[in-house]
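For reference, the structure discussed in these notes is given below.
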């Protein structure tokens, strides 16, 4: 069963995509739902527990750089799980518009989103992903999904 790593800006549709395209019993870990310190360690423990049980798990976070994804990929490899990357392609402008519709804790400061957008590097096969999917949001709640050719590992892919 795969370890699925969501990659994308805040308000790019990651949580909505999960709700629409995955079984509600599918293990899902979102750093957004965690509070307090030690989030990364707790996330790793939860992922490890699912992998030890031989279960698939989806991890939802921005994961903007290869370094941010490395520990999860290594964990999946250690348990022999296929590792899939799901990259949510969106423009900063569209993400900021969707974020403006959020309230409370769900709304992310614009400055943070701009910083994450600048840091965002789309996932590459050479990082250790077995499969990579490109997801684009189509308003209001539709998505297009495309599996990227595993033979292509283009460092030239740009963020829109």
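Numbering (my numbering), first residue to last: 2 to 161. Even for Gly, the Cβ is constructed at its ideal location relative to N, Cα and C.
8 Å Cβ shell around residue i - same chain, five flanking residues per side excluded
{"i": "residue 1", "result": "Nothing can be reported for residue 1, as the shown portion of the chain is limited to 2 through 161."}
{"i": "residue 173", "result": "As displayed, the chain neither begins before 2 nor continues past 161, which places residue 173 out of reach and without an answer."}
Whole-angstrom C-beta distance between residue j and residue i, which should lie under 8 Å
{"i": "residue 82", "j": "residue 13", "result": "Not quite, the Cβ-Cβ distance comes to about 24 Å (not below 8 Å), so this is no contact."}
{"i": "residue 57", "j": "residue 5", "result": "7 Å"}
Environment of residue i [buried if 16+ CB atoms lie within 10 Å]
{"i": "residue 70", "result": "buried"}
{"i": "residue 161", "result": "Residue placement at residue 161 is flagged as unreliable, the pLDDT there being 34, under the threshold of 50; a coordinate-derived value is accordingly withheld."}
{"i": "residue 74", "result": "buried"}
Proximity below 8 Å, CB of residue i to CB of residue j
{"i": "residue 30", "j": "residue 60", "result": "yes"}
{"i": "residue 76", "j": "residue 42", "result": "no"}
{"i": "residue 51", "j": "residue 28", "result": "yes"}
{"i": "residue 117", "j": "residue 67", "result": "no"}
Same chain, Cβ closer than 7 Å to residue i, five either side skipped, listed in chain order
{"i": "residue 49", "result": "76"}
{"i": "residue 122", "result": "65, 66, 67"}
Same chain only: Cβ atoms within 6 Å of residue i, ignoring 5 sequence neighbours per side
{"i": "residue 93", "result": "118"}
Runs of alpha helix (DSSP H) wholly within the stretch 33-101 (minimum 4 residues, chain order): 40-53, 67-79, 93-101
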